[in-house]
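For the sequence shown, UniProt numbering begins at 1 and goes up steadily by one. Heads up, the beta-carbon is just placed ideally off N, CA and C, and yes, glycines get one too. For clarity, every value in this text was computed on a predicted model and none was experimentally measured.
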Amino acid sequence: MKFWKLALLILIILLIVGGVFYFQKKQAEKYNGLPIIPERTTDIPLYSGLKPASPVYITEGDQWEEILHFYENELPKNGWSLTMSQTSSDNSEDGAGFTSYWKKENTPWVLSISAAYFMNLNQTEVVFDKSEGLKADPWIDVETLEICINEQPDRSDECFKMTDKQTIGQIISLINGALVVDPQQIYYNGKSVIDFGGISIDVYYDLEKGVYFVSDKGAKWMKPQKEFFELTKISKEY
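Here it is as structure tokens:
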């Protein structure tokens, strides 16, 4: 009788230990492949409702804009400064979302946070990652004496010529200093074209979100700098 009680006790203990081990294994699998685990850091907060599901974090519903605003508000409190932020121009498209890059003093890598909402799953997926940092690849490295700017290429093929050497140099400096990014399917609504002779650059812009430069060399992005719009006159706001 005592033997069966002992055997039953051992069986119960083994089941409990096995259950705990299985639970821990499943929990660990959720974090496998995640380069950054916010809840295990002291300076990267986790947006409420996000759950690990390697290789991403997920939450129900369309929440990418709320997530963006959360990190724009919270990360600076922990010493992070925003380097670049890209958002979808059409919030209604499947996969709409954002990508943002953050840097911090004495941190050798750049923090990347991106999110996208997928309609068929009705969930928002978020990726936290580390990168070596964005780079600015010069596109124009020869002296340019004249450029031609088409403010509204969708309406007309005409462009106005600019020959002021100082102004041209400032425009080139801004474009060369813009950060290299991955090409997008949809850019900002505002569009102009600047022809530098050796290279023609499509300029997509939003006065609040930023500026994309697109050419046969790829795509670049910069913040919506007032100086660029004043120099090029591509927007009626300047």
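Rounded straight-line distance, which links the Cα of Ala-178 to that of Trp-221: So the alpha carbons of these two residues sit roughly 5 Å apart.
Where Ser-63 falls, given that 16 or more other Cβ within 10 Å makes a residue buried: One point to set straight first is that residue 63 is Gln, not Ser, in the sequence displayed. Buried, by the Cβ-count rule.
Beta-carbon proximity of Phe-228 to Val-211, cut-off 8 Å: Judged by their CB atoms, Phe-228 and Val-211 are nearer to each other than the 8 Å cut-off.
Length of the line joining the Cα atoms of Ala-28 and Lys-135: Because the pLDDT of Ala-28 is 49, which lies under 50, any placement of that residue in the model is unreliable, and the number read from its coordinates should be weighed accordingly. It is roughly 35 Å from the alpha-carbon of Ala-28 to the alpha-carbon of Lys-135.
Given 8 Å, three or more beta-carbon pairs between the region 167-176 and the region 100-118: Touching, no, given that fewer than three Cβ pairs across the two stretches are closer than 8 Å.
Simplified DSSP state of Thr-232, which is helix, strand or coil: Helix, per DSSP.
Within 8 Å, strictly: CB atoms of Met-162 and Ile-172: Their beta carbons are not under 8 Å apart, which means Met-162 does not touch Ile-172 by this criterion.
Counted within 10 angstroms of its Cβ, other Cβ atoms place Gly-133 as buried (16 or more) or exposed: Label assigned to Gly-133: exposed.
Environment of Ser-131 [buried if 16+ CB atoms lie within 10 Å]: Exposed, since its Cβ has fewer than 16 Cβ neighbours within 10 Å.
Which of helix, strand or coil DSSP assigns to Tyr-71: The answer is helix: DSSP assigns Tyr-71 an H, G or I state.
Close-in-space but distant-in-sequence residues of the same chain around Pro-153 (CB under 6 Å, 5 per side omitted): Leaving aside the five residues that flank Pro-153 on each side, the residues in its chain whose CB is nearer than 6 Å to its CB run, in chain order, Val-193.
Start and end residues, alpha helix (DSSP H) containing Glu-176: The question names Glu, but residue 176 is Asn in the sequence shown. Its alpha helix (DSSP H) spans residues 165-177.
Runs of alpha helix (DSSP H) lying entirely within the region 33-64, each at least 4 residues, in chain order: Counting whole runs of 4 or more residues, the region 33-64 contains no alpha helix (DSSP H) stretch at all.
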